[in-house]
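These notes are about the structure you will find just below.
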């Protein structure tokens, strides 16, 4: 399996610009997660989906952040407008309820965002 | 509320010696416990998990972890450390439901000294 695929791997953008991060989960996985990692706050769960439906978005920091999952193989995390404090590594992850790898969350390589 | 604690920010071990990375947890009900490793500029890689059954869990790269319910601990161990084991290690906890809300510890940086 190709694993969780994220794009872009690196993004540098100016404050105020819109940023869109993309994720393709592992085929057959029915859960998708967006995490953010910073030195100060560690790993934070932003939002997660089950069968393309957002289940818990309580970790989304503010209205500038939004996430969508239009189908089982694609999700986006959007920041508009971006601010320097949004600089972080954003991880997408997926898991399956059933099957050989059930219960295990697999992570992508991350999108490294710098807002200047 | 559930929580995970990794009491050591940094652990240094000489190459060839056994290593232990500590993790304790707090949750109501039965926990699902995980260990992940993160190498520089990479994502998190799954090492092993405890769901139920045998308290000693074996995982990737020769790592193992022991679930201790009375001490609410899930320490990661390896009998003989390699320099390539140097990385950031995360313990994580999910409530006794599949695939939901993995809560991570703050991470322990393991350095293996040649």
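Residue numbers (the numbering used here), protein chains in the order written: chain P, 8 to 123; chain X, 8 to 121. Idealized CB from N, CA, C, for every residue including glycine. Keep in mind that this is a model prediction, so the values were computed, not measured.
- In the three-state scheme derived from DSSP, where H, G and I count as helix and E and B as strand, residue 91 of chain P is classed as helix.
- Proximity of chain P to residue 97 of chain X at the Cβ level (cut-off 8 Å) is accounted for by 50, in chain order.
- Against chain X, the CB of residue 63 of chain P has a partner CB under 8 Å away; the residue lies at that interface.
- Just so you know, the alpha carbons of residue 99 of chain P and residue 99 of chain X end up roughly 16 Å apart.
- Taking C-alpha positions only, residue 78 of chain X is separated from residue 31 of chain X by approximately 8 Å.
- According to DSSP, residue pairing for residue 102 of chain P in a beta bridge involves P:38.
- Only those residues of the segment 54-72 of chain X whose C-beta falls short of 7 Å from the nearest C-beta of chain P are listed: 56 and 58.
- At a C-beta separation below 7 Å, residue 35 of chain P has no neighbours in chain X, since its nearest C-beta there lies roughly 13 Å away.
- Nearest CB-CB separation between residue 112 of chain P and chain X: below the 8 Å threshold.
- Residue X:28 holds the alpha-carbon nearest to the alpha-carbon of residue 14 of chain X among X:22, X:8, X:120 and X:28.
- Nearest in C-alpha terms to residue 75 of chain X, of all of X:89, X:60 and X:88, is X:60.
- Assignment of residue 67 of chain X by DSSP, reduced to helix, strand and coil, places it in the helix class.
- If you look at residue 23 of chain X, you'll find it isn't in any beta strand (DSSP E); DSSP assigns it neither H nor E.
- With a contact defined as Cβ atoms closer than 8 Å, residue 19 of chain X and residue 118 of chain X qualify at about 5 Å.
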